[in-house]
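In our numbering, the protein residues as written are 66 to 262.
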C-alpha cells in the first residue's frame with residue numbers, strides 16, 4: 066500500500082511528532098515512507114534526515130488550489146492508494162484535489178477540540194465521498210466530529226502515543242524542586258500538552 070502523508074505545518078509540534086512515529090512504524094512494517102510537506106519546514110528536514118521520500122507541497126491554507134493540483138499529480142505519478150491528512154490545511158488540500166477529480170481515498174487525523182464550522186465548505190470537507198475515516202485522538206474530539214457530521218461510522222478514536230524509550234533514563238524532580246525552591250516532599254504534577262479525554 067502506498068500512503069501519502071500530508072504535513073502542512075512549518076514548525077515541529079505534537080502533531081508532527083505523531084506523524085513521525087506513525088511513518089516510522091509503517092516503514093518498519095514495509096510501507097514506503099511518502100510525505101508531502103511544506104517546503105523548508107522542520108518536517109521536511111526530518112524527512113531528509115530519515116531518508117524518507119518527501120515532496121514539497123505549500124498548503125498555505127485550506128483553499129490552496131495550486132497545492133491541490135500538485136497533490137492530484139503526486140497521487141497519479143506515485144500511484145498513491147491513500148492520502149492521510151494530518152491537519153486542516155492538509156484536509157482542505159485533499160478535498161480540493163477531489164474536486165479536481167482526484168479519486169484517491171482520504172483519511173483525516175483530527176487533533177483539535179474546537180467545533181467543526183457549520184459553513185458550506187466545512188460541511189463539504191466532512192462529507193465528500195473519498196473521505197473514508199476521521200481518526201480522532203480522543204473521544205471528546207470524536208464527539209465533536211460526530212455532532213457535526215451526524216455519521217458516527219465515519220469517525221474512530223485512536224489515541225496518540227509516545228516513545229517511552231526516548232525518555233529514559235528516568236529523571237527525578239529534584240531539578241524542579243531546586244529551581245522553584247520546593248521541599249523534597251512536595252508532589253509534582255506536570256503537563257506538557259493540551260489534553261482531552
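Just so it is clear, CB atoms sit at the ideal spot from N, CA and C, and this is done for glycine as well.
For clarity, every value in this text was computed on a predicted model and none was experimentally measured.
Assigned exposure category for residue i - 16 Cβ within 10 Å defines buried
i: residue 218; result: exposed
i: residue 166; result: exposed
i: residue 237; result: exposed
i: residue 164; result: exposed
i: residue 80; result: buried
i: residue 40; result: For residue 40 there is no data in the structure shown, the boundaries of the chain being 66 and 262.
i: residue 209; result: buried
i: residue 95; result: exposed
i: residue 206; result: buried
i: residue 255; result: exposed
Residue i - containing beta strand (DSSP E), residue span
i: residue 221; result: 220–222
i: residue 68; result: 68–72
i: residue 118; result: 118–121
i: residue 101; result: 99–102
Short Cβ contact (8 Å threshold) for residue i with residue j
i: residue 119; j: residue 102; result: yes
i: residue 155; j: residue 226; result: no
i: residue 177; j: residue 191; result: no
i: residue 160; j: residue 189; result: yes
i: residue 196; j: residue 173; result: yes
i: residue 122; j: residue 114; result: no
i: residue 228; j: residue 111; result: no
i: residue 107; j: residue 152; result: no
i: residue 147; j: residue 170; result: yes
i: residue 222; j: residue 204; result: yes
i: residue 133; j: residue 162; result: yes
Given residue i as reference, the closest of the options once Cα atoms are compared
i: residue 141; options: 214, 69, 245; result: 69
i: residue 250; options: 239, 244, 256; result: 239
i: residue 12; options: 184, 139, 98, 130; result: The requested residue 12 does not occur in the structure, where the chain is confined to residues 66 to 262.
i: residue 149; options: 244, 254, 94, 67; result: 67
i: residue 183; options: 71, 215, 224; result: 215
Segment limits, alpha helix (DSSP H) that includes residue i
i: residue 241; result: 239–244
i: residue 85; result: 79–93
i: residue 113; result: 107–115
- Task: Any chance you could list the alpha helix (DSSP H) runs of at least 4 consecutive residues sitting entirely within the segment 196–221, in chain order?
- Result: DSSP assignment within the segment 196–221 yields the following whole alpha helix (DSSP H) runs of 4 residues or more, N-terminal first: 204–214.
- Query: What are the complete alpha helix (DSSP H) segments, minimum 4 residues, inside the segment 141–205?
  - Reply: 153–164, 185–190
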